[in-house]
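Asks: The structure under discussion is supplied below as structure tokens; questions concerning it will follow.
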Amino acid sequence: MRLLSFWMSHGEELAAMIERHLFLVLWSTTIATAIGLPAGIVAAHRPRVGRPLLAAASIGQTIPSLALLGFLLPLPFIGGIGPRIAIVALIVYALLPIIRSTAAGLRSIDPAVIDAGVAMGMTPRQLLWLVELPLALPSIVAGIRIATIVGIGTATIAAAIGAGGLGEYIFRGLSMVDSTVILAGAIPAAVLALVADGALTWVERRLASGRQRPSGSMAIAAAATLLAILVGTAAFGSTGSGAIVVGSKNFTEQVVLGELLAQTLERRGVRVTRRLNLGGSFICDRAIRSGDIDAYVEYTGTALTAILKQPVEKNPDAALTTLRNAYGRAGLSVLPPLGFNNTFAMLVRRTDAEALGLSTIDDLRRVEAQWRPGFGYEFAERADGYAGLLNAYNLRFSTPPRAMELNLVYRALAVGQVDVIAGDATSGLIKALDLRVLRDNRGYFPPYYAVPIVRSAVLLAHPELREALDQLTGRVSEDDMRALNAAVDVEHRDVAVAVKEFLQITLRE
Amino acid sequence: MVSDPVVSLVGVRFTYGSHLVLDDLDLAVGAGESLALVGRSGAGKSTVLKLINRLLLPDAGSVSVEGRDTRDWDPIRLRRRIGYVLQEIGLFPHLTIEDNVALVPRLEGWPLERRRARAHELLELVGLAPDEFGGRWPRELSGGQRQRVGVARAIAIDPPILLMDEPFGALDSITRQELQAEFLRIRRHLRQTMIVVTHDMEEAHALGDRVGALEAGRVTFARTALTR
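Those protein sequences? They're chains A and B, same order as listed. Take 1 as the starting number for the first sequence in the working numbering and just add one per residue. Take 1001 as the starting number for the second sequence in the working numbering and just add one per residue.
This is the structure:
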């Protein structure tokens, strides 16, 4: 029921996501067919070339999708945030089934039929077009069908790099620990896959029966329809120029902060394009440096150690000065802090904290032999993350940490899969899942003040931007942030609505 | 010997891998003549046919068609002058009977109406009612019917030369005799130069004006060819 009302209230957004999803899959499958079909023909006719070709396509298929997106991000032309890179990744996955089924279809043709064609004086080209391709067509369509279905599934990952599509609901749902929102994206994706499967199976059967050859006019009509859809969705795929692009990382607080920047600008009449839920810090940093986004909110501690690879700085003012200098050289402006300090927090279940009398991180040494730590991927990797924590507190867990999606970590702690996690001090889930923050009694975690990062060129070109964003300086306290996070994560309120209400109170003039 | 042969092989040697298939083979077929070649399977019968339409080239010696070495022929032009009937027939499963028969005319750029008229004429000739069979698919026909279509397809543009590779080999003996008789009837209308290879001596004598035996890479002719 909640699912139905979610769809009802998000009808327009859902339609746009489905359209974007189809846009990604149609383009990638079409391009993959344009590449895979000739490659499959070569593979069938020249096994010596074909074998390495198939091997290469197989290897492409085995790369995990998130890893593939990571590889593609920094590349020129195809890299960067947005649909282009997602389409490239989807093409990589679509190639193998198309090449393989094209080659298999051609190889399975009765040799007598080929002999007859050659003996009657067909040129290789005539043989290909009049005999081989028509006979291999059902197999080729089967390959395209598989590629399409795989593409519809894989395209959900595209939301991780800001390409949009139904995956956005899935990622949003993960970050809100709300299975309704996950299903809101997963179910339409599954339905799309089933519909595509059914439609293409039908085409395949008709072709295989050999009864009905699509007449020339039918083929042209089909091609024209496909082209119309491609052109239609291509227009959708391009983002309007002139708008300020606001990005965010892929967790609730970041989405809230992205929405906060966006609405603050919109209240001053600035046109804004949202690219929220992009990915981790590194993805956002790359996106703003490449100009794919114009602004996002970063945390001082993250910027210093994870992005600039500088040593930890415990003094907030010194940290900010260092940041302003380094970012300034890259054409980026660091605006004054919004107010709250979202430092890392070591979290445990309240029941454990009370039963074992745990109140500080130091206390963890009492349980280090039995407890299982769990972290988001970033914390596990970063210098100011897990490794530094072990050093600072002289901790030695006997179980290696489990790394997982940041949003899953809280849930994993709540259900007892892990016993201690690193989370955000401002997370709305702390209260919702009945967790306790362990005090950082040795002052290990550096300050993580939230600061908007904006491209300097954009600030220069739009003076009203600076004015609008300066209104936020020092106006968002830790309590405010926790409340906003809880509104979204715990009360399942719409981000845009929660932010709007907050701004109405905060910026009331 | 045949004077002014349409097809002639002189001193032809052909090896398949290390296996010597044809060795110093001489053969000449005159215009309008029907030559039957018999031999065990593996004797090189099919190889002879493939050399004639340049699906293969000889290792030594020369193969000439209409007085020109096959090496000097454009293979496509050459093959359009030669009808070819295979034992496996090789009808195109994605084309109707009519379209199968009309395919070579289509490759030759004939207009649709002429193609259709020719296909009907040919189906009539091989004893298949065009209205009944023209729109069917190859898999809907019996083996004998399919082979009739194979013959019709091979002679669609009335090529001067017709090669047949075990044309009725896959059929049961009754259908086979029926088709042989039918074929002889057709042949009276056509008078193509024809080479048919078979492992069946009776079929060779039925279809050939002259019968040659292919053995150990060469052809020997029976002194007493049956005359009818």
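Every residue, glycine too, gets a C-beta built ideally from N, C-alpha and C. Given the structure is predicted, the values throughout are model-derived calculations rather than measurements.
1. Can you name the residues of chain B whose CB is closer than 8 Å to the CB of Val113(A)?
2. Please tell me whether Leu1037(B) and Val1151(B) are closer than 7 Å, where the distance is taken between their beta carbons.
3. Quick check: the Cα distance between Ala184(A) and Asp419(A), rounded to an integer number of angstroms?
4. Answer yes or no: does any C-beta atom of chain B fall closer than 7 Å to that of Gly121(A)?
5. Take Ile114(A) as the anchor and find which of Ser58(A), Leu54(A) and His45(A) has the nearest alpha-carbon.
6. Taking the Cβ atom as the reference point for each residue, do Ser28(A) and Leu68(A) lie within a distance shorter than 7 Å?
7. Hey, Gly117(A) and Leu127(A): beta-carbon distance below 7 Å or not?
8. Does Pro134(A) get closer than 7 Å to chain B when you measure Cβ to Cβ?
9. Please name the residue, chosen from Asp424(A), Glu464(A), Tyr448(A) and Val246(A), that lies closest to Leu323(A) on a Cα-to-Cα basis.
10. For a contact defined as C-beta to C-beta under 7 Å, what are the partners of Tyr1084(B) on chain A?
11. For Val92(A), which residues of its own chain have a beta-carbon under 6 Å away from its beta-carbon, when the five flanking residues on both sides are left out?
12. Quick one: residues in its chain with C-beta nearer than 6 Å to the C-beta of Gly240(A), no 5 flanking neighbours on either side, listed in chain order?
13. Note down the Cα distance separating Gly339(A) from Pro452(A), rounded to an integer number of angstroms.
14. Flag Ile1052(B) as yes if its beta-carbon sits less than 7 Å from any beta-carbon of chain A, otherwise no.
15. Measure from the C-beta of Ile1076(B) to each C-beta in chain A and report whether the shortest distance is under 7 Å.
16. Could you tell me the boundaries of the beta strand (DSSP E) in which Ile244(A) lies?
17. Which chain B residues sit within Cβ distance under 7 Å of Val203(A)?
18. Are the beta-carbon atoms of Leu270(A) and Ile244(A) separated by less than 7 Å?
19. Indicate the three-state DSSP secondary structure (helix, strand or coil) for Tyr299(A) in the structure shown.
20. Using a Cβ-Cβ cutoff of less than 8 Å, which residues in the same chain neighbour Ser437(A) once the five nearest sequence positions on both sides are dropped?
21. Compare the beta carbon distance of Ala43(A) and Ala103(A) with 7 Å and say whether it is the shorter of the two.
22. Which residues share a DSSP beta bridge with Pro373(A)?
23. Checking 7 Å against the spacing of the C-beta atoms, do Thr305(A) and Ala383(A) come in under that value?
24. For the pair the stretch 1004-1016 of chain B and the stretch 1042-1053 of chain B, tell me if three or more CB-CB distances fall below 8 Å.
25. Let me know the alpha helix (DSSP H) ranges lying completely inside the stretch 55-117 of chain A, each 4 residues or longer, listed in chain order.
26. Starting from the Cα of Ala15(A), find the closest Cα among Glu168(A), Ile87(A) and Gly151(A) and give me that residue.
27. Would you mind telling me which residues of chain B sit closer than 7 Å to Val131(A), beta carbon to beta carbon, in chain order?
28. Pick helix, strand or coil for Ser1018(B), following the three-state DSSP scheme.
29. What are the boundary residues of the beta strand (DSSP E) that Asp1165(B) is part of?
30. Can the beta-carbon of Ala189(A) be found closer than 7 Å to that of Pro138(A)?
31. Between Arg2(A) and the rest of its own chain, which residues show a CB-CB distance below 7 Å, the 5 nearest in sequence each way excluded?
32. If you follow the beta strand (DSSP E) that Ile453(A) is part of, which residue opens it and which one closes it?
33. Do three or more CB pairs link the stretch 1076-1083 of chain B to the stretch 1159-1177 of chain B at distances below 8 Å?
34. Nearest CA to the CA of Gly1044(B): which residue from Arg1153(B), Asp1024(B) and Ser1034(B)?
Replies: Let me lay it out:
1. Gly1090, Leu1091, Phe1092 and Pro1093
2. no
3. 31 Å
4. yes
5. His45(A)
6. no
7. yes
8. yes
9. Tyr448(A)
10. Ala119 and Met120
11. Gly60
12. Residue placement at Gly240(A) is flagged as unreliable, the pLDDT there being 44, under the threshold of 50; the coordinate-derived value follows with that caveat. Around Gly240(A): no qualifying Cβ.
13. 11 Å
14. no
15. yes
16. Ile244 to Gly247
17. Result: empty, since nearest Cβ-Cβ is about 15 Å, beyond 7 Å.
18. According to the sequence displayed, residue 270(A) carries Val and not Leu. Yes, the pair counts as a contact, with Cβ atoms nearer than the cut-off.
19. strand
20. At residue 437(A) the sequence reads Val, which differs from the Ser that was named. Ala345, Met346, Leu347, Ala425 and Ile430.
21. yes
22. Val420(A)
23. yes
24. yes
25. 65-72 and 83-107
26. Glu168(A)
27. Phe1092
28. coil
29. Ile1161 to Asp1165
30. no
31. Thr180
32. Ala450 to Arg455
33. yes
34. Asp1024(B)
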